[in-house]
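Number 65 in numbering that gives the first Met the number 0 belongs to position 66 of the sequence shown; there are no gaps in the numbering.
What follows is a set of notes on a single structure, which appears directly below.
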Amino acid sequence: MTSTRPLHLAAELVAGSGRADPGTAARTVALARLAEAAALDFLTHDDSFAGPGLDALAVLARVAPETRSVGLVPTVTTTHTEPFHVQAAVATLDWVSRGRAGWRIAVSPTGAEARLLGRRPAPPTAELWQEAGEVAEVSRKLWDSWEDDAEIRDVATGRFIDRRKLHHVNFQGATFSVKGPSTVPRPPQGNPVTVVDATRPAARDTAAHHADVALVRAASAEEAAALRAELHRGARAHGRDPGQLRVLLSLTVDFDAYEGGAGALAELIAGWHGGGAVDGFHLVPAVPERDLERFVAGTVTRLRERGLFRADYEGVTLRDHLGLARPVSQYATTGVSV
């Protein structure tokens, strides 16, 4: 049976060492424009404390004004960082991109990275993912801490903000506490899109509880379908609507070695998506400049010819691309104010 669900396609911008040089910005913008011309849902940019290269948030803030529609999702490590500053940076990217931002949550489990930052030893991985979930939770609270119409900007009276529409979040986590409100107005999307790589079991509960998009890796459609079902069960257990969680298969592609090339990849995508195994695919090109171009020119074109992928964007924000509703501020109905 062929699925009528929309097919979602995304891609990674960084491969190999991720080292920066004077041409990095221009190449990254060119890749982003190529992906945008193909109407891909979003682009990810990997990052970690251990590797070389530029800060992913900063890179995609540079890409934002050079693009118009494609979603921008930097990896953001929640270990050894301040949740308040993390959420403010992601909210700022959403403003700079006019509602196209997301963030891919990552943790930093190694002792070497802990020593590099010098703040604390590296806790066990399970604890890091629990903390990452708390960072996701407090980020949503802080994004909601400004109601949508909190800004007055009344020159005559000199009033910039209606303080009744700013809210303390008063969050207490296992390793941090945040009072709030945020220093950044509520983002255009309300909440930027949260992405979690749920391939490792330790990350799955965090993904089920907090992610809008979960990335998985699987060797077969049956394995992918089982992971999607597990994430949906977890979402339901956390009181969420599983229909609001997109599960994408993350697939590394080397078109110089991939058997059957672009056509075979199009068949795989159509088959796995049509059979309900996943909601879409996240391409990780072995060589971005080569493989992303071949993916767009070959695979995406074939999918369009079969009526399986859109020819152009049908919305403005990343949430629009993913078919996700813009959330209402959780404080707008409580009346709890500063």
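Backbone N, C-alpha and C define an ideal beta-carbon position, used for all residues, glycine too.
Given the structure is predicted, the values throughout are model-derived calculations rather than measurements.
Quick one: what's got a C-beta closer than 7 Å to threonine 1's C-beta in the same chain, skipping five residues either side?
-> Position 2 of the sequence shown, counted from the start, is the residue given in the question as residue 1. The predicted position of threonine 1 is uncertain, since its pLDDT is 46 and thus under 50; no value can be drawn from it.
For leucine 12 versus leucine 30, is the C-beta distance shorter than 7 Å?
-> Residue mapping note: residue 12 aligns to position 13 of the sequence shown, counting from 1. Residue mapping note: residue 30 aligns to position 31 of the sequence shown, counting from 1. A contact, by the Cβ cut-off of 7 Å.
Please state whether DSSP places histidine 44 in a helix, a strand or coil.
-> As a working note, residue 44 is residue 45 in the sequence shown. Here histidine 44 sits in strand by DSSP.
Inter-residue Cα distance where the pair is valine 137 and proline 82 = Here residue 137 corresponds to residue number 138 of the sequence shown, with the count starting at 1. Here residue 82 corresponds to residue number 83 of the sequence shown, with the count starting at 1. Cα to Cα, the separation comes out at about 8 Å.
Nearest to arginine 139 by CA position, among Pro122, Ser96, Val192, Asp153, is which residue?
-> For the purposes of this step, residue 139 is taken as residue 140 along the sequence shown, with counting starting at 1. Of the candidates Pro122, Ser96, Val192, Asp153, the one whose C-alpha sits nearest the C-alpha of arginine 139 is Val192.
If you count every other CB in all the chains shown that lies within 10 Å of the CB of leucine 115, and 16 or more means buried, which is it?
-> Position 116 of the sequence shown, counted from the start, is the residue given in the question as residue 115. Per the 10 Å Cβ criterion, exposed.
Among Arg216, Pro186, His231, Pro187, the one whose alpha carbon lies nearest that of alanine 206 | Walking along the sequence shown from the start, residue 206 turns up at place 207. Per the Cα distances, His231.
Determine the burial state of asparagine 190: buried for a count of at least 16 other Cβ atoms within 10 Å of its Cβ, exposed for fewer.
-> To locate residue 190, count along the sequence shown from 1; it is residue 191. Burial call: buried.
Identify, in the order they occur along the chain, each residue of the same chain with its Cβ nearer than 6 Å to the Cβ of threonine 198, setting aside the five sequence neighbours on each side.
-> The residue given as residue 198 occupies position 199 in the sequence shown. Same-chain partners within the cutoff: Val215, Arg216.
Helix, strand or coil at glutamine 329 according to DSSP, with G and I counted as helix | Taking the first residue of the sequence shown as 1, we reach residue 329 at position 330. Three-state result, glutamine 329: coil.
Is there contact between the segment 98–117 and the segment 316–329, where contact requires at least three CB pairs shorter than 8 Å?
-> The segment 98–117 makes contact with the segment 316–329, as at least three CB pairs between them are under 8 Å.
Taking all protein chains shown into account, decide if lysine 368 is buried (16 or more other Cβ within 10 angstroms of its Cβ) or exposed.
-> Since the first and last residues shown for the chain are 0 and 337, residue 368 lies out of range.
May I have a chain-ordered list of the beta strand (DSSP E) segments no shorter than 3 residues that lie completely inside the segment 5–81?
-> Within the segment 5–81, the complete beta strand (DSSP E) runs of at least 3 residues are 7–11, 41–44, 70–76.
Aspartate 204 bridges to which residues according to DSSP?
-> For the purposes of this step, residue 204 is taken as the residue at position 205 of the sequence shown. According to DSSP, aspartate 204 bridges with nothing at all.
Quick one: what's got a C-beta closer than 8 Å to proline 120's C-beta in the same chain, skipping five residues either side?
-> On the sequence shown, residue 120 is found 121 positions in, with the first residue counted as 1. Gly110, Ala113.
Contact between the segment 39–49 and the segment 61–73: three or more CB pairs below 8 Å?
-> In short, these stretches touch, since the Cβ pair count reaches three.
Return the chain-ordered list of same chain residues with a C-beta closer than 7 Å to the C-beta of valine 337, the five sequence neighbours on each side being excluded.
-> To locate residue 337, count along the sequence shown from 1; it is residue 338. At valine 337 the pLDDT is 45, less than 50, meaning the model places this residue with poor confidence; the figure from the coordinates comes in the next sentence. In its chain, beyond the 5 residues on either side, Arg162, Leu165, His166, His167, Pro180 have a beta carbon closer than 7 Å to the beta carbon of valine 337.
Under the three-state reduction of DSSP, which class applies to histidine 281: helix, strand or coil?
-> Locating residue 281 in the sequence shown gives position 282, where the first residue counts as 1. Here histidine 281 sits in strand by DSSP.
Which of helix, strand or coil DSSP assigns to glycine 259 = Walking along the sequence shown from the start, residue 259 turns up at place 260. Reduced to three states, the DSSP call for glycine 259 is coil.
What separation, rounded to the nearest whole angstrom, lies between the Cα atoms of glycine 334 and serine 328?
-> As a first step, residue 334 must be located in the sequence shown, where it is residue number 335. As a first step, residue 328 must be located in the sequence shown, where it is residue number 329. Only weak support is given to the placement of glycine 334: the predicted model assigns it a pLDDT of 47, under 50, and the question is left unresolved by the model.
Using alpha carbons as the reference points, say which of Asp211, Gly117, Asp204, Leu59 lies closest to glutamine 243.
-> Here residue 243 is taken as the residue at index 244 of the sequence shown, counted from 1. When each option's Cα is compared against that of glutamine 243, the closest is Asp211.
Taking only runs that begin and end inside the segment 120–176, name each unbroken beta strand (DSSP E) of 3 or more residues, in chain order.
-> Entirely contained in the segment 120–176, the beta strand (DSSP E) runs reaching 3 residues are, in chain order, 150–153, 158–160.
Near valine 183, what residues of its chain come up, given a Cβ to Cβ distance below 7 Å and the 5 sequence neighbours on each side ignored?
-> For the purposes of this step, residue 183 is taken as residue 184 along the sequence shown, with counting starting at 1. Its chain contains Ala87, Ala90, Thr91 as the residues whose beta carbon lies nearer than 7 Å to that of valine 183, once the 5 sequence neighbours on both sides are disregarded; these appear in chain order.
Assuming glycine 322 and proline 51 form a contact by the criterion Cβ under 8 Å, report the distance between their Cβ atoms to the nearest whole angstrom.
-> Within the sequence shown, numbered from 1, the residue matching residue 322 stands at position 323. Within the sequence shown, numbered from 1, the residue matching residue 51 stands at position 52. Actually they do not touch by this definition, with Cβ atoms about 36 Å apart.
Label glutamine 188 either buried or exposed according to how many other C-beta atoms from any shown protein chain fall within 10 Å of its C-beta, with 16 as the threshold for buried.
-> The residue labelled residue 188 in the question sits at position 189 within the sequence shown. Taking a 10 Å sphere around the C-beta of glutamine 188, we find 16 or more other C-beta atoms and assign the residue as buried.
CB threonine 298 to CB alanine 261, shorter than 7 Å?
-> As a working mapping, residue 298 is identified with position 299 in the sequence shown. As a working mapping, residue 261 is identified with position 262 in the sequence shown. Cβ distance < 7 Å, so threonine 298 and alanine 261 count as in contact.
Give the straight-line distance between the Cα atoms of arginine 152 and arginine 158, rounded to the nearest whole angstrom.
-> Start at 1 with the first residue of the sequence shown, and residue 152 comes out as number 153. Start at 1 with the first residue of the sequence shown, and residue 158 comes out as number 159. For arginine 152 and arginine 158, the distance between alpha carbons rounds to 6 Å.
Would you grab the beta carbon distance between leucine 282 and phenylalanine 294 for me? Rounded to a whole angstrom, and I think it's under 8 Å.
-> Sequence index remark: in the sequence shown, residue 282 carries index 283 (1-based). Sequence index remark: in the sequence shown, residue 294 carries index 295 (1-based). Between the beta-carbon of leucine 282 and that of phenylalanine 294 there is about 6 Å, and that keeps the pair under the 8 Å contact cut.
Would you call proline 287 buried or exposed, if buried means 16 or more other Cβ atoms sit within 10 Å of its Cβ?
-> Numbered from 1 along the sequence shown, position 288 holds the residue referred to as residue 287. Under a 10 Å Cβ-count criterion, proline 287 is classified as buried, with 16 or more other Cβ atoms of the shown protein chains found around its own Cβ.
Label alanine 34 either buried or exposed according to how many other C-beta atoms from any shown protein chain fall within 10 Å of its C-beta, with 16 as the threshold for buried.
-> By 1-based counting over the sequence shown, the position of residue 34 is 35. Looking at its Cβ environment, which holds 16 or more other Cβ atoms inside 10 Å, alanine 34 is buried.
For threonine 352 versus valine 106, is the C-beta distance shorter than 7 Å?
-> With the chain covering 0 to 337 only, the question about residue 352 has no answer from this structure.
For tryptophan 94, which residues does DSSP report across the bridge?
-> Residue numbering aside, residue 94 sits at position 95 when the sequence shown is read from its first letter. Answer is none; tryptophan 94 lacks a bridge partner.
Please state whether DSSP places threonine 298 in a helix, a strand or coil.
-> Working through the sequence shown from its first residue, we reach residue 298 at position 299. Assignment of threonine 298 by DSSP, reduced to helix, strand and coil, places it in the helix class.
To which residues does DSSP link alanine 213 through a beta bridge?
-> Position 214 of the sequence shown, counting from 1, holds the residue named residue 213. Bridge partners of alanine 213: Val195, Val246.
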